[in-house]
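Below is one structure, written out as structure tokens, with a few remarks after it.
4 protein chains.
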Amino acid sequence: MSTEQLLFIPVILGTAREGRRSEHAARFVFEELKKREGIETELIDVREHRLPATDDTGETETARNILPTLERADGFIVVSPEYNHGYPGELKMFLDMSDGQYAKKPIAICGVSEGAVGGARMMEQLRNVILDLGATPILAAVYFATVEKLFNEEGEIQDDSYRDRVSKMFDSLLWYTKVLKAGRERESE
Amino acid sequence: MSTEQLLFIPVILGTAREGRRSEHAARFVFEELKKREGIETELIDVREHRLPATDDTGETETARNILPTLERADGFIVVSPEYNHGYPGELKMFLDMSDGQYAKKPIAICGVSEGAVGGARMMEQLRNVILDLGATPILAAVYFATVEKLFNEEGEIQDDSYRDRVSKMFDSLLWYTKVLKAGRERESE
Amino acid sequence: MSTEQLLFIPVILGTAREGRRSEHAARFVFEELKKREGIETELIDVREHRLPATDDTGETETARNILPTLERADGFIVVSPEYNHGYPGELKMFLDMSDGQYAKKPIAICGVSEGAVGGARMMEQLRNVILDLGATPILAAVYFATVEKLFNEEGEIQDDSYRDRVSKMFDSLLWYTKVLKAGRERESE
Amino acid sequence: MSTEQLLFIPVILGTAREGRRSEHAARFVFEELKKREGIETELIDVREHRLPATDDTGETETARNILPTLERADGFIVVSPEYNHGYPGELKMFLDMSDGQYAKKPIAICGVSEGAVGGARMMEQLRNVILDLGATPILAAVYFATVEKLFNEEGEIQDDSYRDRVSKMFDSLLWYTKVLKAGRERESE
Numbered sequence: 017m018s019t020e021q022l023l024f025i026p027v028i029l030g031t032a033r034e035g036r037r038s039e040h041a042a043r044f045v046f047e048e049l050k051k052r053e054g055i056e057t058e059l060i061d062v063r064e065h066r067l068p069a070t071d072d073t074g075e076t077e078t079a080r081n082i083l084p085t086l087e088r089a090d091g092f093i094v095v096s097p098e099y100n101h102g103y104p105g106e107l108k109m110f111l112d113m114s115d116g117q118y119a120k121k122p123i124a125i126c127g128v129s130e131g132a133v134g135g136a137r138m139m140e141q142l143r144n145v146i147l148d149l150g151a152t153p154i155l156a157a158v159y160f161a162t163v164e165k166l167f168n169e170e171g172e173i174q175d176d177s178y179r180d181r182v183s184k185m186f187d188s189l190l191w192y193t194k195v196l197k198a199g200r201e202r203e204s205e
Numbered sequence: 017m018s019t020e021q022l023l024f025i026p027v028i029l030g031t032a033r034e035g036r037r038s039e040h041a042a043r044f045v046f047e048e049l050k051k052r053e054g055i056e057t058e059l060i061d062v063r064e065h066r067l068p069a070t071d072d073t074g075e076t077e078t079a080r081n082i083l084p085t086l087e088r089a090d091g092f093i094v095v096s097p098e099y100n101h102g103y104p105g106e107l108k109m110f111l112d113m114s115d116g117q118y119a120k121k122p123i124a125i126c127g128v129s130e131g132a133v134g135g136a137r138m139m140e141q142l143r144n145v146i147l148d149l150g151a152t153p154i155l156a157a158v159y160f161a162t163v164e165k166l167f168n169e170e171g172e173i174q175d176d177s178y179r180d181r182v183s184k185m186f187d188s189l190l191w192y193t194k195v196l197k198a199g200r201e202r203e204s205e
Numbered sequence: 017m018s019t020e021q022l023l024f025i026p027v028i029l030g031t032a033r034e035g036r037r038s039e040h041a042a043r044f045v046f047e048e049l050k051k052r053e054g055i056e057t058e059l060i061d062v063r064e065h066r067l068p069a070t071d072d073t074g075e076t077e078t079a080r081n082i083l084p085t086l087e088r089a090d091g092f093i094v095v096s097p098e099y100n101h102g103y104p105g106e107l108k109m110f111l112d113m114s115d116g117q118y119a120k121k122p123i124a125i126c127g128v129s130e131g132a133v134g135g136a137r138m139m140e141q142l143r144n145v146i147l148d149l150g151a152t153p154i155l156a157a158v159y160f161a162t163v164e165k166l167f168n169e170e171g172e173i174q175d176d177s178y179r180d181r182v183s184k185m186f187d188s189l190l191w192y193t194k195v196l197k198a199g200r201e202r203e204s205e
Numbered sequence: 017m018s019t020e021q022l023l024f025i026p027v028i029l030g031t032a033r034e035g036r037r038s039e040h041a042a043r044f045v046f047e048e049l050k051k052r053e054g055i056e057t058e059l060i061d062v063r064e065h066r067l068p069a070t071d072d073t074g075e076t077e078t079a080r081n082i083l084p085t086l087e088r089a090d091g092f093i094v095v096s097p098e099y100n101h102g103y104p105g106e107l108k109m110f111l112d113m114s115d116g117q118y119a120k121k122p123i124a125i126c127g128v129s130e131g132a133v134g135g136a137r138m139m140e141q142l143r144n145v146i147l148d149l150g151a152t153p154i155l156a157a158v159y160f161a162t163v164e165k166l167f168n169e170e171g172e173i174q175d176d177s178y179r180d181r182v183s184k185m186f187d188s189l190l191w192y193t194k195v196l197k198a199g200r201e202r203e204s205e
């Protein structure tokens, strides 16, 4: 038996808008995360898990499809644009659908924006939401600012410094992921 | 010709969730507002204007249906529950759909909650969103706390002090509505 | 008698920290505002109006010195850095000291930061504070980002585009200042 | 050698205002915490650690006096009123003074208010500040609402349910305190 379990950290793409640039950012984060040893990941696209309205019963088909994956996760990365200083509605419905699956697990946020702010305001709002889901928001974050220049048509990143930025975020997220997982496991012994 | 124009102030019900209690609160606000002279109002239910994803082009059928009404409005009241410290996703998609229709118009917020906080945290997040829509958030607000006791099965309010609370909110909202309307009209002369 | 009254718009410098860079930004805004016709302004430095603790009685000597100036103002510009995602403590004490002096007057915020975010998070928090003072927060803002490069040793701005940015903020602030003043005056007739 | 180390959890009283009611709440929390086994605590009153202005060098006498205590702490409880929807200025200066002492340590917040909201808005703003200090905000919180009735003249609490509320907050805070401490210790091995 290996003492080293794989950590499962899905990347959640938080917008379903037509023409979304955040998909480039989410795929970049996802591909970089796959390079890390000891990590299992998956790209969860809110476009594929849409609800017509907030549902917090966990009883919809959408919920039954995705909640087991969230339950199995050890931590999360949310990649989301900022719309009017807040988070996208479809991301909020996705998060509100849960029923304890995020509890005592860390969540890192990556912001995406056309301007220079990089989603910083959305992050502030989202961290308070995340906290109420029972999760642990972490400070480590990546700001994908001026996103229309940052990726080319093929979705390739044009600024290599982002590999390092993303890597630092992973370091912090993995620290919290391991530490909180150890805590949850001790609790359930 | 009367010098007194009617002011058009729609009430936006901000959740489409099954079993929503906020509908009682929104209907109560709407009925109280109808009693005021010089006011035209309308109950706009986000349930009837849903989008599957954020769209900010204003080009969807949903947008074409509702944006002219928003354009014609002089001010707004949003009645919304607080979900996980934030606003409902469907309300956010409704607001993000706009394209200048809220500009220089005041918006009051009524919060609805099962607990004692009455939506206060949602209001703080929503005011920053509203501001980025170009609208003017106002402080005057009504907190429909412990909503499951506040209305009976028929949706009748059980605490008469709310008539006065709502009335005070109207006073403030109407002050801003008139003042900002005068400003917009002078501008377009 | 002129029908055009001067509008009095003080600029509030919101930090008293040793070595503060925000002083350059505040002086720049102040000097640009002085060039506008029809405006009276004044630079209010929180360093000169410090309290050892929150006081909201309006009865301290500090309050008696500054509140009449705030009372006389028609609108405000707050220039403030972002410290740990929030506003400086001395700015908060300065604002909490008031007793209605900001009511129904617009406040624009300029953010100052060493990074790229330009105080955007501080602005979001501060707007909710401003609203509770009875004032009207406006969206128009200037983000003095990477401030250590933006001004030289003499405090001269190195990026001329900021004159235009500040000017656009003035346009919006003055619109609200005039419109709300007209409203306050009609009310007191 | 005992395998059980004492956990050091100071209670920070976040206002220095004359006539502060939050002192009752802070003393109540402090006394309840002292009853817990395995806990060392201390009441830190921002009134005794005031700065005339933000200082983040850690070099003032005030900083030199208090930072070693913060450094030694394993977690924190902040008890603070809400002033104009935000945190007190003196609390912000106290927090901004730090230089890494809160890193990877959990902080619980207790809110105090005269109204029904119990400081909920202050908590939202403060959690984003706390996060930038490197600390881990937790959801568990106690809302000391309508504080003027909650404590009598002698500062005795009039609603016994608060013992249970505080106790539940301690449970959550201690979980995070132990788990994060284990993580920090493993790291430094």
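Chains as they are written, first to last, in our numbering: chain A, 17 to 205; chain B, 17 to 205; chain C, 17 to 205; chain D, 17 to 205. Glycine included, every Cβ here is placed at the ideal spot set by N, Cα and C. Source: prediction; values computed, not measured.
Can you pull the chain D residues whose beta carbon is under 7 Å from the beta carbon of residue 41 of chain B, in chain order?
Those within 7 Å of residue 41 of chain B in chain D number zero; the least Cβ separation is about 16 Å.
Within 7 Å of any Cβ in chain C, is that where the Cβ of residue 74 of chain B sits?
no
With a threshold of 7 Å between beta-carbons, can residue 153 of chain D be considered close to chain C, or not?
no
Strictly under 7 Å for the Cβ-Cβ distance: is residue 140 of chain C near chain B by that measure?
yes
My understanding is that residue 103 of chain B touches residue 114 of chain B, with C-beta atoms under 8 Å, so please give their C-beta distance in whole angstroms.
Actually they are not in contact, since the Cβ atoms of residue 103 of chain B and residue 114 of chain B sit about 15 Å apart, beyond 8 Å.
Segment contact, 8 Å Cβ cut-off, at least three pairs: the stretch 193 to 202 of chain C with the stretch 48 to 67 of chain D:
no
In angstroms, rounded to a whole number, what distance separates the CA positions of residue 154 of chain B and residue 121 of chain B?
10 Å
For chain C, is any of its Cβ atoms less than 7 Å away from the one on residue 85 of chain D?
no
List the DSSP bridge partners of residue 56 of chain D.
D:24
Of all the options C:40, C:132, C:94 and C:88, which has the alpha carbon lying nearest to the alpha carbon of residue 189 of chain C?
C:94
Out of curiosity, what's the CA-to-CA distance linking residue 100 of chain D and residue 148 of chain C?
5 Å
Residue nearest to residue 62 of chain B in terms of C-alpha spacing, selected from B:124, B:30, B:204 and B:133
B:30
Check whether the stretch 79 to 92 of chain C touches the stretch 118 to 136 of chain C, counting contact only when three or more Cβ pairs, one atom from each stretch, lie closer than 8 Å.
yes
So is residue 212 of chain A in contact with chain C if we call contact Cβ pairs under 7 Å?
With chain A represented from 17 up to 205, any question about residue 212 of chain A goes unanswered, as that position is not in the structure.
Please state the DSSP three-state secondary structure of residue 19 of chain A.
In this prediction, residue 19 of chain A scores a pLDDT of 48, lower than 50, which makes its location untrustworthy; the coordinate-derived value is nonetheless stated afterwards. Coil, per DSSP.
Could you tell me the boundaries of the beta strand (DSSP E) in which residue 110 of chain A lies?
Where residue 110 of chain A is concerned, there is no enclosing beta strand (DSSP E), although the alpha helix (DSSP H) it sits in stretches over 105 to 112.
Which residues, taken in chain order from the stretch 183 to 198 of chain D, show a beta carbon closer than 9 Å to some beta carbon of chain A?
191, 192, 194, 195, 196 and 198
By the 7 Å beta-carbon criterion, what residues does the stretch 93 to 116 of chain A contribute toward chain D?
none
Could you check whether residue 69 of chain D and residue 106 of chain C sit closer than 7 Å to each other, using their CB atoms as the reference points?
yes
Excluding the five sequence neighbours on either side, which residues of its own chain have a C-beta within less than 8 Å of the C-beta of residue 167 of chain B, listed in chain order?
37, 40, 41, 44, 173 and 174
For a contact defined as C-beta to C-beta under 7 Å, what are the partners of residue 148 of chain D on chain A?
155
Drop a sphere of 10 angstroms on the beta-carbon of residue 111 of chain B, count the other beta-carbons inside from all chains shown, and report buried for 16 or more, exposed for fewer.
buried
Distance check for residue 67 of chain A and residue 130 of chain D, CA to CA, integer angstroms please.
39 Å
Please classify residue 22 of chain C as buried or exposed, where buried requires at least 16 neighbouring CB atoms within 10 angstroms.
exposed
Is it right to say residue 84 of chain B is buried, meaning 16 or more other beta carbons lie within 10 angstroms of its own, or is it exposed?
exposed
Chain-ordered chain A contacts of residue 168 of chain D [CB-CB under 7 Å]:
None at all; the shortest Cβ gap to chain A is about 33 Å.
Within chain B, the residues that residue 161 of chain D reaches when beta carbons sit closer than 7 Å
132
With a floor of 3 residues, list each beta strand (DSSP E) that falls wholly inside the stretch 149 to 186 of chain C, ordered by position along the chain.
152 to 160
Min CB distance residue 66 of chain C to chain A below 7 Å:
no
For residue 32 of chain A and chain C, any beta-carbon pair shorter than 7 Å?
no
Would you verify that the beta carbon of residue 144 of chain A is, or is not, closer than 7 Å to some beta carbon of chain B?
yes
Is there at least one Cβ from chain C nearer than 7 Å to residue 179 of chain A's Cβ?
no
Separation of residue 109 of chain A from residue 71 of chain B, as counted between CA atoms:
15 Å
Quick check: what's the CA-CA separation for residue 151 of chain D versus residue 143 of chain D?
9 Å
Compare the C-beta of residue 63 of chain B against all C-beta atoms of chain D and say whether one is closer than 7 Å.
no
What separation, rounded to the nearest whole angstrom, lies between the Cα atoms of residue 50 of chain A and residue 180 of chain A?
15 Å
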